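K.L.:
Here the numbering used here is used: the sequence shown runs in plain steps of one and ends on residue 504. All C-beta atoms in this analysis are idealised placements derived from N, C-alpha and C, irrespective of residue type, glycine included. As the structure is a computational prediction, the values presented were derived from the model and not from experiment.
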Amino acid sequence: MSTYGAISTSVPNLSPPAPVPRRKRGLTGRIAIILSSSVILLSLGVLFYNFTTYTPPDRFNGNYNDLTVESSSCAVGLPTNGISGYFNIPNSLSRYFYYFAASSTKSMKSAPLVLWMSGGPGCSSLLAAMMENGPCKVSRDKEGKARAELAKFGWNNKANVVWVDQPAGVGFSFTDEGDSDLMFSHDLVADNMLAFLFRWQERFPDSHNGELYIFAESFGGHYAPAVGRRYYDAEREGRAPPGLKLKGIGVGNGLTNPEIQYKYASEFAYKNTYGIEAITKEQYDDMNNNLLPQCEEKIHACNDNADPDNEDCLDAFIFCNTALDTPYVESGRNIYDVRTFKDYKDDLAAVTEFVTEMEVRTALDAANSVTFEACNKDVYMKFVFDWMREYDQAIPAMLDGGIDILIYAGDADFICNWMGNQAWVEALDWKGKDMFSDAPTKPFVLPNGTAGGEGKTAKVGKGGRLSFLRIFGAGHLAPRDKPYETQQMINKFIANGGVH
5 MSTYGAISTS VPNLSPPAPV PRRKRGLTGR IAIILSSSVI LLSLGVLFYN FTTYTPPDRF
65 NGNYNDLTVE SSSCAVGLPT NGISGYFNIP NSLSRYFYYF AASSTKSMKS APLVLWMSGG
125 PGCSSLLAAM MENGPCKVSR DKEGKARAEL AKFGWNNKAN VVWVDQPAGV GFSFTDEGDS
185 DLMFSHDLVA DNMLAFLFRW QERFPDSHNG ELYIFAESFG GHYAPAVGRR YYDAEREGRA
245 PPGLKLKGIG VGNGLTNPEI QYKYASEFAY KNTYGIEAIT KEQYDDMNNN LLPQCEEKIH
305 ACNDNADPDN EDCLDAFIFC NTALDTPYVE SGRNIYDVRT FKDYKDDLAA VTEFVTEMEV
365 RTALDAANSV TFEACNKDVY MKFVFDWMRE YDQAIPAMLD GGIDILIYAG DADFICNWMG
425 NQAWVEALDW KGKDMFSDAP TKPFVLPNGT AGGEGKTAKV GKGGRLSFLR IFGAGHLAPR
485 DKPYETQQMI NKFIANGGVH
């Protein structure tokens, strides 16, 4: 079994991951209260349904290092160009990260590597691979059985995509030892994903053209900037995986700058582009005049407090989610799609049912000792101190260094709505801020001549391009709702560095 030190033998300056922050005494009770409150229903990309899980006996005897498997069709979870397995990332605890990957249907060696991380926090990236942008699409047959078939518009059309369950405890990923006091943060995620990419390069150095794109969704608005910046800094310092150069970062319907984005909870709920008033005028006024100023003050206090585990961030998490999201939730509308009252429960349950079938689980090479959950509430709760942190500040340096940035959002989503995402992108403090602000909004034209959305792009000198794209007719999980449009989006982003 490799060690973290062994990974860094060719890169001597690679330092071990930072210590994981631990919960302070006195906060345990408050966090426990959240589990029974309405706040838990306001998570990004996750509602905690009682899914059936499957935990058969062990078959790998604890040796999960570099396990891979190939399969013949989506009927058992993997397409012919798919591979899955575990990488061990030793740290203070020994962590095993599960990955599911599909090579480009065009040409593996001429296509880049795309790292995908789902949000939640705590949701498995297999959800995206099986119901959003992966090579397989899970649905129910006439008898109600969960089945998978090849997807028409997977992101592996012109890219080699790897979906990773992270942090440890999410999906099929796990750790040898448990510690209920461990808290999660962007530092932990960034360190682990940098180490993961080292392992990928050791194991599959010829699986791409040498270019890397990092994409994430929802709470991944924290992940992608943090991982991207860690990788970018490692490259500049000669500590990045050899043969893999960062080219771009993407975030879909993400939470990146809470202070700006939470301002648009009331705006979208009352004045969305679908003409649906999910809250009353009285609620709208109360949110803007009374509740929002308090929320902003608490978010300020959180970001001014450098302690990664502090009461200010917990207070902001509880107050802002309760005050600004609850009025919309009480309308009964889907927080991920204002157009409907129907939730994603059956879609998530179908994926869970499918990947936990014994034949599929075996084909996916998933550890039998792991109980799969679509979204893990324990992992979710370990990010509460990180929730209100601002991650847009990681982006300007990458833009200056030539890294392309894409922020996209389905325009029917409430919880991470396009209005708030556009606002923080407009406010981003970088060299091209004025240029981006003055840039005209242009349609995102598809090959058939229709507009799949609209947005803008700006670029300064030799720096990277910053693009924002509003996707028409999509909710929180944009690739699920608009698979063709989002496939065209990533293809264009990879080819041109922008989407216009």
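Three or more C-beta pairs closer than 8 Å, one from the region 115-127 and one from the region 379-399: is that the case here?
P.N.:
Yes, the region 115-127 is in contact with the region 379-399.
K.L.:
By DSSP, does F418 sit in helix, in strand, or in coil?
P.N.:
Residue mapping note: residue 418 aligns to position 414 of the sequence shown, counting from 1. In the structure shown, F418 sits in coil (DSSP, three-state: anything other than H, G, I, E or B).
K.L.:
Please classify D308: is it buried, with 16 or more other beta-carbons within 10 angstroms of its beta-carbon, or exposed?
P.N.:
Position 304 of the sequence shown, counted from the start, is the residue given in the question as residue 308. It is exposed - the Cβ of D308 has fewer than 16 other Cβ atoms within 10 Å.
K.L.:
I'd like the span of the alpha helix (DSSP H) that includes K285, first residue to last.
P.N.:
One-based indexing of the sequence shown puts residue 285 at position 281. Here the alpha helix (DSSP H) through K285 covers 285-290.
K.L.:
For the 8 Å Cβ check, are there 3 or more pairs between the region 218-236 and the region 109-125?
P.N.:
Output reads yes: the region 109-125 touches the region 218-236.
K.L.:
Within 10 angstroms of the Cβ of F321, are there 16 or more other Cβ atoms? Answer buried if so, exposed if not.
P.N.:
Within the sequence shown, numbered from 1, the residue matching residue 321 stands at position 317. Flag for F321 reads buried.
K.L.:
Could you pull out every residue in the same chain whose Cβ sits closer than 7 Å to the Cβ of G378, ignoring the five residues on either side in sequence?
P.N.:
For the purposes of this step, residue 378 is taken as residue 374 along the sequence shown, with counting starting at 1. Gly is not the amino acid found at residue 378; the sequence shown has Ala there. Excluding residues within five positions, the ones whose Cβ falls inside 7 Å are F55, C127, S128, L131, L352, V355, T356.
K.L.:
Alpha helix (DSSP H) containing L131: first to last residue?
P.N.:
Here residue 131 corresponds to residue number 127 of the sequence shown, with the count starting at 1. Residues 130-135.
K.L.:
What residues match up with W159 in a beta bridge as DSSP calls it?
P.N.:
In the sequence shown, residue 159 corresponds to position 155, counting from 1. Answer is none; W159 lacks a bridge partner.
K.L.:
Would you check if the distance between the CB atom of H480 and the CB atom of C420 is smaller than 8 Å?
P.N.:
Residue numbering aside, residue 480 sits at position 476 when the sequence shown is read from its first letter. Residue numbering aside, residue 420 sits at position 416 when the sequence shown is read from its first letter. Yes. Within cutoff.
K.L.:
Any idea if F345 is buried or exposed, counting beta-carbon neighbours within 10 angstroms, 16 or more meaning buried?
P.N.:
Walking along the sequence shown from the start, residue 345 turns up at place 341. It counts as exposed.
K.L.:
Let me know if G453 comes out buried or exposed under the rule of 16 or more other beta-carbons within 10 Å of its beta-carbon.
P.N.:
Taking the first residue of the sequence shown as 1, we reach residue 453 at position 449. Classification of G453: exposed, given that the 10 Å Cβ count is below 16.
K.L.:
Roughly how many angstroms separate the alpha carbons of R337 and D347, rounded to a whole number?
P.N.:
Counting from one through the sequence shown, the residue named residue 337 turns up at place 333. Counting from one through the sequence shown, the residue named residue 347 turns up at place 343. Each residue's alpha carbon lies about 8 Å from the other.
K.L.:
Put P400 into one of helix, strand or coil per three-state DSSP.
P.N.:
Residue numbering aside, residue 400 sits at position 396 when the sequence shown is read from its first letter. Residue state, collapsed to three classes: helix.
K.L.:
Between the C-alpha atoms of L432 and W422, what's the straight-line distance to the nearest angstrom?
P.N.:
By 1-based counting over the sequence shown, the position of residue 432 is 428. By 1-based counting over the sequence shown, the position of residue 422 is 418. Distance between the alpha carbons of L432 and W422 is about 15 Å.
K.L.:
Buried or exposed for E136, going by 16 or more other Cβ atoms inside 10 Å?
P.N.:
The sequence position of residue 136 within the sequence shown is 132, counting from 1. The residue is buried, with at least 16 neighbouring Cβ atoms inside 10 Å.
K.L.:
What are the residues that DSSP puts in a beta bridge with A462?
P.N.:
For the purposes of this step, residue 462 is taken as residue 458 along the sequence shown, with counting starting at 1. The partner list for A462 (beta bridge, DSSP) reads L470.
K.L.:
Leaving out five residues on either side along the sequence, give the residues of the same chain with a beta carbon under 7 Å from the beta carbon of D319.
P.N.:
Position 315 of the sequence shown, counted from the first residue, corresponds to residue 319. Cβ within range, chain order: K302.
K.L.:
Considering only the beta carbon of each residue, do P171 and Y395 sit closer than 8 Å?
P.N.:
Sequence index remark: in the sequence shown, residue 171 carries index 167 (1-based). Sequence index remark: in the sequence shown, residue 395 carries index 391 (1-based). Cβ atoms of P171 and Y395: not closer than 8 Å.
K.L.:
Can the beta-carbon of V359 be found closer than 8 Å to that of Y278?
P.N.:
On the sequence shown, residue 359 is found 355 positions in, with the first residue counted as 1. On the sequence shown, residue 278 is found 274 positions in, with the first residue counted as 1. Taking 8 Å as the Cβ cut-off, V359 and Y278 do not qualify as a contacting pair.
K.L.:
May I have a chain-ordered list of the beta strand (DSSP E) segments no shorter than 3 residues that lie completely inside the region 406-457?
P.N.:
Counting whole runs of 3 or more residues, the region 406-457 contains the beta strand (DSSP E) stretches 408-414, 446-449.
K.L.:
Does the region 110-118 touch the region 156-172, meaning 3 or more C-beta pairs lie closer than 8 Å?
P.N.:
Yes, the region 156-172 touches the region 110-118.
K.L.:
Judging by CA-CA distance, which residue of E281, F202, L117 is the nearest neighbour of F515?
P.N.:
Since the first and last residues shown for the chain are 5 and 504, residue 515 lies out of range.
K.L.:
Classify R240: buried if its beta carbon has 16 or more other beta carbons within 10 angstroms, exposed otherwise.
P.N.:
Reading the sequence shown from its first residue, position 236 is the one you call residue 240. By the 10 Å Cβ count, R240 comes out exposed.
K.L.:
In chain order, what residues of the same chain have a beta carbon less than 7 Å from the beta carbon of A194, not counting five sequence neighbours either side?
P.N.:
For this step, residue 194 is matched to residue 190 along the sequence shown. Once the five neighbours on either side are set aside, the close Cβ partners of A194 are A230, V231, R234.
K.L.:
Rounding to the nearest angstrom, what Cα-Cα distance links G456 and D180 in this structure?
P.N.:
For this step, residue 456 is matched to residue 452 along the sequence shown. For this step, residue 180 is matched to residue 176 along the sequence shown. Their backbone Cα atoms lie some 45 Å apart in a straight line.
K.L.:
For a quick check, are the C-beta atoms of G256 and A413 less than 8 Å apart?
P.N.:
Within the sequence shown, numbered from 1, the residue matching residue 256 stands at position 252. Within the sequence shown, numbered from 1, the residue matching residue 413 stands at position 409. A contact, by the Cβ cut-off of 8 Å.
K.L.:
Nearest to E286 by CA position, among S270, F91, Q298, E363, is which residue?
P.N.:
On the sequence shown, position 282 is the one that residue 286 refers to. Comparing Cα-Cα distances from E286 to each of S270, F91, Q298, E363, the minimum goes to S270.
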